[in-house]
Amino acid sequence: MKTITLIFGAVYGMLSVILGAFGAHALKKILSVERLESFETGVRYQMYAAFFLLIAGYILKFETKTENWISWLMIFGTMLFSFSIYGLSMQDYFGMNLKFLGPITPLGGLLMILSWTLLIFYFAKNRI
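Using the UniProt record's numbering, the letters of the sequence shown map in sequence onto residues 1 to 128.
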């Protein structure tokens, strides 16, 4: 699980840089200011998740289910949160109705919050 956590952290970080540059240059010309700001929010939270996963990957020993859940919740939460925002931001450009992604974004955010909460309890219990 440690390796998976670190790999996802690195991949999320790399994708954040790529998507951030893409948004700043290519999307600036085709998206409204509001859609571009939403896209940038997805990129920002994906980078936060990358840092979270890289740090958690080095701190946690992954000996318990709780430690594994800390990573899985952040991995899937980020996937749901950021990638649903990317889809919603780009739906006009693609000419597709992706409104069904709307409820997925807060679900991803909830999973990310749960991951942070489990990490807090882990630190409190283990007094790291």
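Glycine is no exception: its CB is placed at the ideal position from the N, C-alpha and C atoms. Source: prediction; values computed, not measured.
Which listed residue (the options) has its alpha carbon closest to that of residue i
{"i": "Pro-120", "options": "Leu-15, Glu-37, Phe-52", "result": "Per the sequence shown, the amino acid found at residue 120 is Ile instead of Pro. The shortest C-alpha separation from Ile-120 is found at Phe-52."}
{"i": "Ala-24", "options": "Phe-39, Val-11, Gly-13", "result": "Phe-39"}
{"i": "Leu-80", "options": "Gly-42, Leu-6, Val-33", "result": "Gly-42"}
{"i": "Trp-116", "options": "Tyr-48, Pro-103, Gln-91, Tyr-93", "result": "Tyr-48"}
{"i": "Gln-91", "options": "Thr-105, Tyr-45, Ile-113, Arg-35", "result": "Arg-35"}
{"i": "Ala-50", "options": "Thr-78, Gly-13, Glu-37", "result": "Gly-13"}
{"i": "Arg-44", "options": "Leu-27, Phe-62, Val-17", "result": "Val-17"}
{"i": "Gly-108", "options": "Thr-3, Leu-6, Gln-46", "result": "Gln-46"}
{"i": "Thr-105", "options": "Phe-8, Arg-127, Ser-89", "result": "Ser-89"}
{"i": "Tyr-122", "options": "Thr-5, Thr-3, Phe-62", "result": "Phe-62"}
{"i": "Ile-4", "options": "Phe-76, Leu-111, Leu-27, Glu-37", "result": "Phe-76"}
Backbone secondary structure at residue i - three-state DSSP
{"i": "Leu-31", "result": "coil"}
{"i": "Pro-103", "result": "coil"}
{"i": "Asn-97", "result": "coil"}
{"i": "Glu-67", "result": "helix"}
{"i": "Phe-62", "result": "coil"}
{"i": "Ser-1", "result": "Checking the displayed sequence, the identity of residue 1 turns out to be Met instead of Ser. The answer is coil: DSSP assigns Met-1 none of H, G, I, E or B."}
{"i": "Ala-26", "result": "coil"}
{"i": "Arg-44", "result": "helix"}
*Taking one C-beta from the region 15 to 22 and one from the region 65 to 76 each time, how about it: are there three or more such pairs within less than 8 Å?*
no
*Touching or not, the region 57 to 64 and the region 80 to 94, by the rule of three or more beta carbon pairs under 8 Å?*
no
_Validate contact between the region 30 to 37 and the region 94 to 104 using beta carbons, cut 8 Å, 3 pairs_ = no
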